[in-house]
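Student: Position 480, counted from 1, in the sequence shown is what the UniProt record's numbering calls 480; the numbers after and before it change by one each time, with no gaps. Beta carbons are placed, not taken as given, at the ideal position from N, Cα and C, and that holds for glycine. Got a structure for you, questions after.
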Amino acid sequence: MPGPTDRSPAAVVRDFFDGPEYEPLTAREIAAETEYSAAAVRDELDVLVDRDLLRTKELTGGRRVWWPAIDQRTERAELVDAMADASEDPDAQITRQQLIERHRHLAQFVTEINITADLDEILRQITEVARELVGAHQSVTSRTLNQNWEQAINAVSLSEKYAEYSDYDTEPDGSGIYSVVCERNEPMRVTQDELESHPAWQAFGDEADEHPPMDGWLAVPIVGPEGENTGLIQLSDRYDGEFTEADEAILVQLANVASAAIENARLYDELRESEERYRTLFDSMTEGYCVVEPAEPDDADRTDYRFLEANPAFEAHTGLRDVAGCTVREADVADPGAWFDVLDSVADSTDGGPFQRELEMRGRVLQCQAFPIGGASGGQVGMTARDVTERVERERRLEESNERLEQFAYAASHDLQEPLRMVSSYLQLLENRYADDLDDEAREFLAFAVDGADRMREMIDGLLEYSRVETEGDPLEPVDLNAVFSDVRDDLQVAIEESGADVAAEDLPRVRGDGDQLRQVFQNLVDNAIEYSGDEPPTVRVGAERAGDRWVVSVRDEGIGIDPEYADAIFQVFERLHTSDEYSGTGIGLALCERIVERHGGELWVDAEPGEGSTFSFTLPTVDSGE
């Protein structure tokens with residue numbers, strides 16, 4: 001390895017990979033044996049990588065190593081041997097100079113070819129250079145199509161000697177001597193006699209009159225990154241004598257260049273196809289999408305953000321036009337501070353978001369979600385924007401309607417109380433003062449009137465309760481459902497004993513809720529299960545199962561059941577499936593339960609069949625750990 005020197009760092013770094021033996025090295029390992037810093041060495045290494053003379057890879061633990069892009073050991077040994085042989089020849093100086101010039105030309109070509117992106121052009125140039133450097137009349141480069149070694153000819157270079165065959169383009173079918181090189185992935189260099197005597201030689205068959213005649217053959221495989229054969233470079237009819245080891249070494253290097261070009265083209269095609277798919281999706285998606293990155297602030301207040309790209313849907317939803325390259329302030333958004341709040345949340349985040357917020361733009365409401373791109377905090381941020389103006393407006397109207405309904409229900413219920421009290425009072429006076437003067441039929445009529453007034457009072461009280469669910473509920477907090485069920489069971493003890501009911505519960509969870517309102521839900525559902533038990537003593541079971549961030553609580557009975565046709569209707573206010581003579585009730589209980597459950601962000605439903613019992617289930621939010 002080279003030691004301390006006053007040579008340039010570029011020359012020193014190249015020397016580390018010029019020997020007949022080498023191993024992957026780190027910048028620190030090279031710097032340790034020179035007078036240059038690891039940073040200076042790394043800069044030179046990166047230059048050589050850019051010129052495709054070195055390869056690099058980051059290993060586990062963050063170590064990065066570099067090694068030659070082309071295996072130079074064989075080539076250098078062959079070059080040294082060729083020079084040694086030439087030294088015994090009277091024309092040694094000319095031969096040495098030719099070899100040096102050949103490798104200088106090759107190095108220059110490799111450097112220049114890296115700026116060419118077109119694969120066909122690269123292979124054409126490789127084919128031309130191979131013929132020029134070696135000095136041959138025929139050069140062909142082809143790519144392997146399949147495992148049968150069929151070839152697609154990409155480039156042909158012929159000297160004037162074979163000008164009449166310039167239109168020849170018949171592709172090898174993969175049989176014969178081509179397959180030997182492809183299958184073994186090893187070069188083959190033979191004289192014409194050796195070629196024609198080779199077991200795999202099949203001559204030209206029907207193409208004999210059209211194929212250029214051959215005089216010796218040098219073929220080198222193009223080997224892919226996984227060791228697979230991807231093609232061939234072939235030469236025939238050397239200008240002077242037979243093909244040499246030095247010729248083969250040159251062709252091996254050109255094959256390595258072709259291999260890198262083919263792999264780069266494949267990766268480029270994949271990238272282009274991926275970009276086309278992304279762009280198609282980007283432009284056609286109905287949800288707005290943009291990408292921004294932090295920009296230098298215009299003032300001392302806060303960092304601005306620059307739009308890198310925005311799809312048509314984003315511009316349609318926001319009313320912004322041609323925002324790419326503009327900052328948020330320059331784009332003239334209605335409330336830059338609100339945008340900065342969302343974007344700053346992502347940039348400052350340690351967990352990557354995403355972050356959601358509704359933003360107003362030109363009279364429209366956008367539901368925006370922002371998230372980091374690539375996971376790098378403080379880097380680029382992606383943001384989706386969905387126009388939810390209609391939904392927000394519907395929710396506003398629904399909320400106003402609900403408020404008016406609650407106010408109406410409360411006012412109507414309150415206003416009905418006074419005349420009902422008067423009716424009840426006079427009915428009571430009639431019963432107390434004139435009961436002895438009434439016959440049996442009149443007393444029966446009076447009883448009907450009293451019963452109707454009582455049921456009317458229950459309905460009004462229920463309607464008042466229904467209207468107060470949102471306005472008079474307690475804040476949601478951790479609630480032990482075991483305690484709630486125990487209280488309900490105590491409250492219903494008389495009904496349980498009179499009916500002989502078997503009412504029990506599994507171990508119930510703690511949930512987030514309003515304890516008093518949940519007690520109403522349990523009481524209504526358990527009371528209904530007892531009430532609608534049929535002729536048999538009621539059996540009621542209460543249980544709960546975890547479902548994600550929710551608990552599903554169920555109240556199951558073995559009573560008369562419900563026709564599935566009415567599974568939704570029973571939750572409507574005053575909706576009853578039975579007359580008051582059959583079963584008592586106001587028709588508000590289940591509607592009240594549903595409203596309470598909805599206030600808790602849950603759902604209430606029933607699974608039932610006539611004569612097979614019913615299971616009422618509802619969801620409640622879980623309690624966060626530590627509460």
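1) I need the DSSP call for A324, collapsed to helix, strand or coil.
2) Who are the near neighbours of V613 in its chain, counting only those whose CB is closer than 6 Å to its CB and skipping five residues on each side?
3) Determine which residues share a DSSP beta bridge with G382 and list them.
4) Going by the CB atoms, is the gap between S533 and A501 shorter than 9 Å?
5) Considering only residues of the same chain and omitting the five flanking positions on each side of W67, which have a CB-CB separation below 6 Å?
6) For the beta strand (DSSP E) holding L604, just list the boundary residues, first then last.
7) Of all the options D516, D527 and G543, which has the alpha carbon lying nearest to the alpha carbon of P509?
8) Counting only the same chain and skipping the five closest in sequence on each side, list residues whose C-beta sits under 7 Å from that of E263.
9) Using C-beta distances below 6 Å, list every residue in its chain close to R131, excluding the 5 sequence neighbours before and after it, in chain order.
10) Between D624 and the rest of its own chain, which residues show a CB-CB distance below 6 Å, the 5 nearest in sequence each way excluded?
11) What did DSSP end up calling N146 once you bin it into helix, strand or coil?
12) Can you give me the C-alpha to C-alpha distance between C290 and E358, rounded to a whole angstrom?
13) Leaving out five residues before and five after Q356 in sequence, what residues of the same chain have Cβ atoms less than 6 Å from its Cβ?
14) Write down the C-beta distance between V13 and E44 rounded to the nearest angstrom, noting that I regard them as a contact closer than 8 Å.
15) Helix, strand or coil for Q138 per DSSP?
16) Can you pull the DSSP bridge partners for T318?
17) What separation, rounded to the nearest whole angstrom, lies between the Cα atoms of E287 and S37?
18) Do D120 and A155 have their beta-carbon atoms positioned less than 9 Å apart in this structure?
19) Nearest by alpha-carbon distance to D118: which of R457, T619, S554 and D269 is it?
20) Pull up the DSSP beta-bridge partners for A449, would you.
21) At which residues does the beta strand (DSSP E) containing T56 begin and terminate?
22) Helix, strand or coil, according to DSSP, for A310 in the structure here?
23) Using only the alpha-carbon positions, how far apart do G589 and N524 sit?
24) When we look at the beta-carbon of E603 and count the other beta-carbons within 10 Å, is it buried (16 or more) or exposed?
25) How long is the line joining the alpha carbons of W605 and G513, rounded to whole angstroms?
26) With a threshold of 16 other CB atoms inside 10 Å of the CB of P213, please say whether the residue is buried or exposed.
27) With contact counted as at least three CB pairs below 8 Å, one residue from each stretch, are the segment 430-438 and the segment 473-485 in contact?
28) Taking 9 Å as the cut-off, decide whether the C-beta atoms of T141 and Q234 are in contact.
29) In chain order, what residues of the same chain have a beta carbon less than 7 Å from the beta carbon of S166, not counting five sequence neighbours either side?
30) Work out the CA separation of I250 and R104 for me, nearest whole Å.
31) Do you know how far the Cα of R550 is from the Cα of C284?
32) Output the distance between the C-alpha atoms of A92 and R102, rounded to the nearest integer angstrom.
33) May I have the straight-line CA-CA distance separating D563 from S425, to the nearest angstrom?
34) Can you tell me the Cα-Cα spacing of T144 and I177, whole angstroms?
35) Quick one, which of C593, L218 and F314 has its alpha-carbon nearest E242's?
36) Residue range of the beta strand (DSSP E) that D557 falls in?
Tutor: According to the structure data:
1) coil
2) Per the sequence shown, residue 613 should be read as Gly rather than Val. Around G613: D557, E558, G559 and G561.
3) V291 and F371
4) yes
5) P24 and R55
6) L604 to A608
7) G543
8) G224 and P225
9) S139 and S157
10) none
11) coil
12) 16 Å
13) Q369
14) 4 Å
15) strand
16) In DSSP, T318 forms no bridge with anything.
17) 51 Å
18) yes
19) D269
20) Answer is none; A449 lacks a bridge partner.
21) L54 to E58
22) strand
23) 6 Å
24) exposed
25) 19 Å
26) exposed
27) no
28) yes
29) L158
30) 11 Å
31) First, the residue type needs correcting, since residue 284 is Ser and not Cys in the sequence shown. Roughly 37 Å between the two C-alpha positions.
32) Interpretation of A92 is limited by its pLDDT of 40, a score under 50 that renders its predicted location unreliable; the figure taken from the coordinates is listed afterwards. Approximately 15 Å, taken between the alpha carbons.
33) 41 Å
34) 14 Å
35) L218
36) R550 to D557
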